[in-house]
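See structure below.
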Amino acid sequence: MHIPTLTIPEIRRALLAKEYSAQELCQQALAEAEAGNPSTNAYLHFSPERAMDAARRVDALIAAGADPGPLAGVPVAVKDVIVTKGLRTTCASRMLQNFVPPYDATAVERLEAAGGMIIGKTNCDEFAMGSSNENSAFGPVRNPVALDRVPGGSSGGSAAVVAQGTAVVSLGSDTGGSIRQPASFCGVVGITPTYGRVSRYGLVAFASSLDHIGPFSRTVEDSATLLRVIAGRDERDATSALAPVSDYAVAMQQDVRGMKIGLPREYFAGLASETGDLIAKAVDQLKALGCQPVEISLPHTDYAIGTYYIICTAEASSNLARYDGARYTYRSANADTLEDMYGNTRDEAFGAECKRRIMLGTYVLSAGYYDAYYRKAQKVRTLITQDFLNAFQQVDAIVAPVSPFPAFKLGEKMSDPLQMYLSDIYTITGSLAGIPCMSVPAGNTSQGLPVGMQILTRHFDEAGMLRLARAYERATS
Ligand code: GLN
15 MHIPTLTIPE IRRALLAKEY SAQELCQQAL AEAEAGNPST NAYLHFSPER AMDAARRVDA
75 LIAAGADPGP LAGVPVAVKD VIVTKGLRTT CASRMLQNFV PPYDATAVER LEAAGGMIIG
135 KTNCDEFAMG SSNENSAFGP VRNPVALDRV PGGSSGGSAA VVAQGTAVVS LGSDTGGSIR
195 QPASFCGVVG ITPTYGRVSR YGLVAFASSL DHIGPFSRTV EDSATLLRVI AGRDERDATS
255 ALAPVSDYAV AMQQDVRGMK IGLPREYFAG LASETGDLIA KAVDQLKALG CQPVEISLPH
315 TDYAIGTYYI ICTAEASSNL ARYDGARYTY RSANADTLED MYGNTRDEAF GAECKRRIML
375 GTYVLSAGYY DAYYRKAQKV RTLITQDFLN AFQQVDAIVA PVSPFPAFKL GEKMSDPLQM
435 YLSDIYTITG SLAGIPCMSV PAGNTSQGLP VGMQILTRHF DEAGMLRLAR AYERATS
């Protein structure tokens, strides 16, 4: 078995044909993941016992002639902001470096019930704040495609393990682009589902009105399979949607001929680069498949970054207030008073980006500023959402770049947080609107760096998005 090229259907076929057992596959996956990790630092820790338990369950079901589940024997990695019972969950922060959660996230529970084997937890930006994975308290991740470059962020580890071939699929989280952008930088598929499509129960909160869990994989089909397993209403997350989850496998067989594809003028205006050329080529490919490109406008795009950084910092400052040293976190040893304990704990255990966002968020929520900033940003968010709803009156899907540039060098943008924020321009709008969006590999630059094409569709139309992505993948591979 060659794990870097394995897919979910291939694993299923081989297990049922008894070519190897889930336990054999699991052992090999763990060994290769551990051996490969020093080069990328993509895993923060491994979970051999838990993975082997899952493998034994799968083998027992197969031996008994029962259906072992849609993810049977699939090596999965999980971003370390998603809680796992009895398995350390750090959010790549010193604050939670010894936190062992007492329960599993719903997505984790569902993927294990479907036969998935969690082999480890992946590195990310601290509390998912960042675009390069350089904000991890445990060192950056290196992009397996080019080791001197970042894998993107914040789910850099989850993208890197799939690109490197040490996991077949993985889970990440996306608040403003943290699944799509690393997927684009590492040359893999990554999906941000509709807000509410996947339960956030057990996803450590960064900005609750924007946080999503979603899959990474090497093929569109594998992401669709994982998404279907984790999607759907969950009583434990009141924002999880009742909308039925369709059979994506069926949707992906359907033709894309006649689909209207919106190309947002605002996104393509300043994109004279190799990235722009690759996206233009992808659009030509879609045309050859019978899709009809239509120029559209998303007029409030310019306000997206400002809006996002007000809303996400406000929500982050509120969510991160729970890390006070009193409960399950790191606690400063240098404090004689309660107030010093709070202050010193936060000072010692949060990294610079978390502190920056807590301060910004506290400011925009403070008395007198709430209306000027937070409420105003919520109104602009509604306008941005409305831009998409208007566009979807004319088109079935929107195609766009994911990032203005491919993976950059480690250290290149760290000294300028604003520059880093601006790089999220194409992903943040979809997150603010809460619509499904994904990144599909669309070729490499002359330097061999992957570039992803973004596809966005109407709320809850993951099926349409996957149909287009699969048709494109089929035509280009
Ligand atoms: N890069 C964006 C940020 O730093 C998005 C992060 C995310 O989606 N979690 O907020």
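Numbering (my numbering), first residue to last: 15 to 491.
By construction, the Cβ of each residue, glycine as well, lies at the ideal position given by its N, Cα and C atoms.
Source: prediction; values computed, not measured.
Quiz prompt | Under the three-state DSSP convention, the category Cys-138 falls into | solution = Residue numbering aside, residue 138 sits at position 124 when the sequence shown is read from its first letter. If DSSP states are grouped into helix, strand and coil, Cys-138 belongs with coil.
Quiz item: Around the Cβ of Asp-298, are there at least 16 other Cβ atoms within 10 angstroms (buried) or fewer (exposed)?
Solution: Walking along the sequence shown from the start, residue 298 turns up at place 284. So Asp-298 ends up on the exposed side.
Quiz item: Nearest to Arg-341 by CA position, among Arg-279, Leu-58, Ala-77 and Phe-113, is which residue?
Solution: As a first step, residue 341 is located in the sequence shown; it is residue number 327 there, counting from the start. Arg-341 has its Cα closest to that of Phe-113, out of Arg-279, Leu-58, Ala-77 and Phe-113.
Quiz item: Just how far apart, CA to CA, sit Gly-179 and Ala-238?
Solution: Residue numbering aside, residue 179 sits at position 165 when the sequence shown is read from its first letter. Residue numbering aside, residue 238 sits at position 224 when the sequence shown is read from its first letter. Roughly 19 Å between the two C-alpha positions.
Exercise. Compare the C-beta of Asp-475 with all C-beta atoms of chain D and state if any pair is closer than 9 Å.
Key: Looking for chain D here will not work: only one protein chain is present.
Quiz item: Secondary structure at Tyr-344, three-state DSSP: helix, strand or coil?
Solution: Numbered from 1 along the sequence shown, position 330 holds the residue referred to as residue 344. Three-state DSSP puts Tyr-344 in coil, outside helix and strand.
Practice problem: Can you grab the Cα-Cα spacing for the pair Glu-235 / Arg-360, in whole Å? | Solution: Numbered from its first residue, the sequence shown carries residue 235 at position 221. Numbered from its first residue, the sequence shown carries residue 360 at position 346. Taking the straight line joining both Cα atoms gives about 43 Å.
Quiz prompt | Buried or exposed by the 16-neighbour rule on C-beta atoms within 10 Å, applied to Asn-51 | solution = In the sequence shown, counting from the first residue as 1, residue 51 sits at position 37. Burial call: buried.
Practice problem: Pick helix, strand or coil for Val-428, following the three-state DSSP scheme. | Solution: By one-based count along the sequence shown, residue 428 stands at place 414. One point to set straight first is that residue 428 is Met, not Val, in the sequence displayed. Residue state, collapsed to three classes: coil.
Quiz prompt | Thr-206 - DSSP class collapsed to helix/strand/coil | solution = Here residue 206 refers to the residue found at position 192 of the sequence shown. Thr-206: strand per DSSP, three-state reduction.
Quiz item: For Pro-18, which residues from the same chain have a beta carbon less than 6 Å from its beta carbon, with the 5 sequence-adjacent residues on both sides left out?
Solution: Position 4 of the sequence shown, counting from 1, holds the residue named residue 18. Contacts found: Gly-179.
Self-check item: For Ser-491 and Tyr-262, the rounded distance between their alpha carbons
Solution: Against the sequence shown, residue 262 aligns to sequence position 248. Against the sequence shown, residue 491 aligns to sequence position 477. Taking the straight line from one Cα to the other gives about 20 Å.
Quiz item: Does the Cβ of Phe-406 lie closer than 8 Å to at least one heavy atom of the ligand GLN?
Solution: The count along the sequence shown starts at 1 and reaches residue 406 at position 392. No, Cβ of Phe-406 sits at least 8 Å from all heavy atoms of the ligand GLN.
Quiz item: Which partner residues of Arg-163 appear in the DSSP bridge assignment?
Solution: One-based indexing of the sequence shown puts residue 163 at position 149. Answer is Lys-423.
Quiz item: Quick check: the region 271 to 291 against the region 58 to 68, are there 3 or more CB pairs under 8 Å?
Solution: no
Quiz prompt | Within 9 Å, strictly: CB atoms of Glu-476 and Ala-245 | solution = Position 462 of the sequence shown, counted from the first residue, corresponds to residue 476. Position 231 of the sequence shown, counted from the first residue, corresponds to residue 245. Yes, Cβ-Cβ distance for Glu-476 and Ala-245 is below 9 Å.
Quiz item: Using the C-alpha atoms, what's the distance from Gln-41 back to Arg-389?
Solution: Start at 1 with the first residue of the sequence shown, and residue 389 comes out as number 375. Start at 1 with the first residue of the sequence shown, and residue 41 comes out as number 27. Spanning the two alpha carbons is a distance of roughly 52 Å.
Exercise. Flag this pair as touching only if the region 428 to 437 and the region 457 to 470 have three or more C-beta atom pairs under 8 Å; answer yes or no.
Key: no
Practice problem: Enumerate in chain order the residues of its own chain whose CB-to-CB distance from Gly-134 is below 7 Å, with the five nearest sequence positions on each side excluded. | Solution: Counted from its first residue, the sequence shown places residue 134 at position 120. Closer than 7 Å at the Cβ level, and outside the excluded window around Gly-134, lie Ala-47, Tyr-57, His-59, Phe-60, Ser-61 and Ala-91.
Quiz prompt | Under 9 Å between C-beta atoms of Tyr-322 and Leu-446 | solution = For the purposes of this step, residue 322 is taken as the residue at position 308 of the sequence shown. For the purposes of this step, residue 446 is taken as the residue at position 432 of the sequence shown. Result yes, Cβ atoms of Tyr-322 and Leu-446 sit closer than 9 Å.
Quiz item: Which of helix, strand or coil does DSSP assign to Val-259?
Solution: In the sequence shown, the residue the question calls residue 259 occupies position 245. Val-259 falls in the coil class under three-state DSSP.
Exercise. Tell me whether the beta-carbon of Ala-160 lies closer than 9 Å to the beta-carbon of Ala-421.
Key: As a working note, residue 160 is residue 146 in the sequence shown. As a working note, residue 421 is residue 407 in the sequence shown. Yes. Within cutoff.
Quiz item: Excluding five sequence neighbours on each side, which residues of the same chain lie with their C-beta closer than 8 Å to the C-beta of Ile-310?
Solution: Taking the first residue of the sequence shown as 1, we reach residue 310 at position 296. Once the five neighbours on either side are set aside, the close Cβ partners of Ile-310 are Gly-276, Leu-277, Pro-278, Arg-279, Ala-405, Gln-408, Val-409 and Ile-412.
Self-check item: Spatial neighbours of Tyr-215 in its chain, beta-carbon cut-off 7 Å, leaving aside the 5 residues before and after
Solution: If you number the sequence shown from 1, residue 215 lands on position 201. Around Tyr-215: Ala-119, Thr-120, Asp-248, Arg-250 and Asp-251.
Practice problem: With a threshold of 8 Å, establish whether the CB of Gly-87 neighbours any heavy atom of the ligand GLN. | Solution: Translated into positions along the sequence shown, residue 87 becomes position 73. Checking the Cβ of Gly-87 against the ligand GLN gives no.
Quiz item: Between Thr-289 and the rest of its own chain, which residues show a CB-CB distance below 8 Å, the 5 nearest in sequence each way excluded?
Solution: Here the question's residue 289 lines up with position 275 in the sequence shown. Closer than 8 Å at the Cβ level, and outside the excluded window around Thr-289, lie Pro-415, Ser-417, Pro-418, Phe-419, Pro-420, Thr-459 and Val-465.
Quiz item: What alpha helix (DSSP H) runs, 4 residues minimum, are completely inside the region 31 to 71?
Solution: 36 to 54
Quiz item: Taking 8 Å as the cut-off, does the CB of Ser-222 come closer than this to any heavy atom belonging to the ligand GLN?
Solution: Here residue 222 corresponds to residue number 208 of the sequence shown, with the count starting at 1. No.
Quiz item: For Ser-150, which residues from the same chain have a beta carbon less than 7 Å from its beta carbon, with the 5 sequence-adjacent residues on both sides left out?
Solution: Walking along the sequence shown from the start, residue 150 turns up at place 136. The answer, listed in chain order, is Ala-106, Asn-137, Cys-138, Asp-139 and Glu-140.
Exercise. Go to Cys-200, then tell me how far its alpha helix (DSSP H) extends in each direction, as first and last residue.
Key: Taking the sequence shown and counting its residues from 1, one reaches residue 200 at position 186. 194 to 200 is the extent of the alpha helix (DSSP H) around Cys-200.
Quiz item: What first and last residue would you give for the alpha helix (DSSP H) that runs through Asn-333?
Solution: Taking the first residue of the sequence shown as position 1, residue 333 is located at position 319. Counting along the chain, the alpha helix (DSSP H) containing Asn-333 begins and ends at 318 to 333.
Self-check item: heavy atom of the ligand GLN below 8 Å from Ser-172 C-beta
Solution: To locate residue 172, count along the sequence shown from 1; it is residue 158. Because no heavy atom of the ligand GLN lies under 8 Å away, the Cβ of Ser-172 does not count as near it: no.
Exercise. Would you check if the distance between the CB atom of Pro-455 and the CB atom of Val-202 is smaller than 9 Å?
Key: As a working mapping, residue 455 is identified with position 441 in the sequence shown. As a working mapping, residue 202 is identified with position 188 in the sequence shown. Yes, Cβ-Cβ distance for Pro-455 and Val-202 is below 9 Å.
Practice problem: Return the chain-ordered ranges of every beta strand (DSSP E) run that is complete within the region 99 to 154 and spans a minimum of 3 residues. | Solution: 131 to 136
Quiz item: Hey, quick one: how far does the alpha helix (DSSP H) through Gly-382 stretch, first residue to last?
Solution: Here residue 382 is taken as the residue at index 368 of the sequence shown, counted from 1. From DSSP, Gly-382 is part of no alpha helix (DSSP H); its letter is neither H nor E.
Quiz item: Hey, would you say Gly-204 sits closer than 9 Å to Ala-197, going by beta carbons?
Solution: In the sequence shown, residue 204 corresponds to position 190, counting from 1. In the sequence shown, residue 197 corresponds to position 183, counting from 1. A contact, by the Cβ cut-off of 9 Å.
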